[in-house]
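Undergrad: Note that numbering that gives the first Met the number 0 numbers the sequence shown so that position 135 is 134, with each residue one more than the last. Positions of the beta carbon are idealized from the N, C-alpha and C atoms, including for glycine. Okay, here's the structure, questions in a sec.
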Amino acid sequence: MMGRRVPPPQYEQITDGVRIRVRPKFMHDESEPARARFMWSYTVDVENESEQTWTIVRRHWRIVDAEGRRQEVEGEGVIGQTPTLGPGERFSYTSGAPLAAPSGIMGGTYDLKGEDGRVLIATIPMFSLDSPYETSLPC
């Protein structure tokens, strides 16, 4: 009997009609455990379920690895873009996160600007970055 392929976990948060869904994936081929380099990709879907048109103008990520090291990443837009989402529209992208430990967590916020000038701080759900090299996780 062949093993069933398990889909990556999915994390989701809705802030005022803006749904943010994240799917992390450990990148075996990009990681070097002997050099304390562990790499994840994560795919983010931002879906506008509101009646307002929103533009993603800033991002703020908080990343903590299993050894307590913290990183903060801030900047304009996402992956070099400031996407605008009308009602019912979706924007997806994939990016990466390197850690010096075999596991961690990350999450954050997007600052969105509405066509009426209103600013919405949308929560990016906290998500787990777990690798098969993590030995301190409970069985």
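Should the region 45-61 be regarded as contacting the region 83-90, the criterion being three or more beta carbon pairs within less than 8 angstroms?
TA: The region 45-61 makes contact with the region 83-90: 3 or more CB pairs, one atom from each, lie closer than 8 angstroms.
Undergrad: What number of angstroms, rounded off, separates the C-alpha of residue 119 from the C-alpha of residue 57?
TA: 11 angstroms
Undergrad: Could you work out which residue in 10, 66 and 17 is closest to residue 133 when comparing CA atoms only?
TA: 66
Undergrad: Residue 101: buried (16+ other C-beta within 10 angstroms of its C-beta) or exposed?
TA: buried
Undergrad: Would you tell me roughly how many angstroms separate the C-alpha atoms of residue 15 and residue 121, rounded to the nearest one?
TA: Spanning the two alpha carbons is a distance of roughly 8 angstroms.
Undergrad: Helix, strand or coil: which one does DSSP assign to residue 32?
TA: helix
Undergrad: Runs of 3 residues minimum, wholly inside the region 62-133: which ones carry the beta strand (DSSP E) assignment?
TA: 69-75, 89-98, 102-113 and 118-129
Undergrad: Could you work out which residue in 115, 124 and 130 is closest to residue 9 when comparing CA atoms only?
TA: With distances taken between Cα atoms, residue 9 lies closest to 124.
Undergrad: Rounded C-beta distance between residue 103 and residue 78? I'm assuming under 8 angstroms.
TA: That pair is no contact at about 21 angstroms.
Undergrad: How long is the line joining the alpha carbons of residue 23 and residue 69, rounded to whole angstroms?
TA: 18 angstroms
Undergrad: Going along the chain, which residues of its own chain have a beta-carbon closer than 8 angstroms to the beta-carbon of residue 126, five neighbours each way excluded?
TA: 8, 10, 21, 23, 41, 104, 105 and 106
Undergrad: Exposed or buried, residue 108, counting other C-beta atoms within 10 Å across all chains shown (16 or more means buried)?
TA: buried
Undergrad: Pick out whichever of 110, 34 and 27 has its Cα sitting closest to the Cα of residue 19.
TA: For residue 19, the closest C-alpha among the options 110, 34 and 27 is that of 110.
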